[in-house]
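FYI, our numbering numbers position 127 of the sequence shown as 224, with every residue one higher than the one before it.
Cβ atoms here follow ideal geometry from the backbone N, Cα and C, with glycine treated the same way.
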Amino acid sequence: MLRNVSYNNKRITNEIQKAVGVSYSFWVRLKMGGIGSPRMHIKSCSNDIKHELVKDNYPNKAYIELRPKGVCIYFRSLLETFSLTIPYYQLTLFNNSGVIKLYGNSSWIEFEHSTKAKTFFDKLILERLNYLEQFSAGMDLNSI
């Protein structure tokens, strides 16, 4: 779900919170060692995201925020901030040949591999597994 979050719109905020949960509190963020990724260069993306990114000539960068039930991927275009919201049950990660791809529903985004982001993606995978474990009821999550 791609939304413009530049302005304080209660309807959009409620949609995002319903999909991925309320942002972690300050103390939980400290306990987790941070919930945000470093800024990463966007290598390619789906058409709905590309439509927003082509509006300016600046380098396309984004960062990811962990939420209790998913992730929010934030990027800027012109003076607007956009959020791609992906719940954990729709999130698929691929890491190969120097790129990291995140798929969610019909949107996807591909980042250049960064050694700084490796610890964040390890944390993201662990959080996703912990979330999905709640619903597994004895299933083997190693195959996911």
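{"Query": "For Gly-195, the nearest candidate out of Tyr-171, Gly-167, Ala-214, Lys-147 (CA to CA)", "Result": "Ala-214"}
{"Query": "Supposed contact pair Gly-133 and Glu-162 - C-beta distance, whole angstroms, cut 8 angstroms", "Result": "5 angstroms"}
{"Query": "Assigned exposure category for Thr-182 - 16 Cβ within 10 Å defines buried", "Result": "buried"}
{"Query": "Residue ranges of each alpha helix (DSSP H) within the segment 129-182, 4 or longer", "Result": "144-150"}
{"Query": "Three-way DSSP call (helix, strand, coil) for Ser-194 in this model", "Result": "coil"}
{"Query": "Bridge partner(s) assigned by DSSP for Thr-189", "Result": "Tyr-200"}
{"Query": "Exposure label - Arg-108; buried when at least 16 CB within 10 Å", "Result": "exposed"}
{"Query": "C-beta atoms of Leu-226 and Val-168 nearer than 9 angstroms", "Result": "no"}
{"Query": "Close-in-space but distant-in-sequence residues of the same chain around Phe-208 (CB under 7 angstroms, 5 per side omitted)", "Result": "Met-137, His-138, Ile-139, Lys-140, Val-196, Ile-197"}
{"Query": "6 angstroms CB neighbourhood of Arg-100 in its chain, flanking five on each side removed", "Result": "Ile-109, Ser-180"}
{"Query": "Straight-line gap, Thr-189 to Leu-199 (C-alpha atoms, nearest Å)", "Result": "6 angstroms"}
{"Query": "Closest residue to Trp-205 among Lys-147, Trp-124, Pro-156 (Cα-Cα distance)", "Result": "Lys-147"}
{"Query": "Span of the beta strand (DSSP E), counted from its first residue to its last, around Asn-111", "Result": "Note, Asn-111: premise wrong, no beta strand (DSSP E); alpha helix (DSSP H) at 107-117."}
{"Query": "Sheet register partners of Ile-206 (DSSP bridge)", "Result": "Cys-142, Leu-199"}
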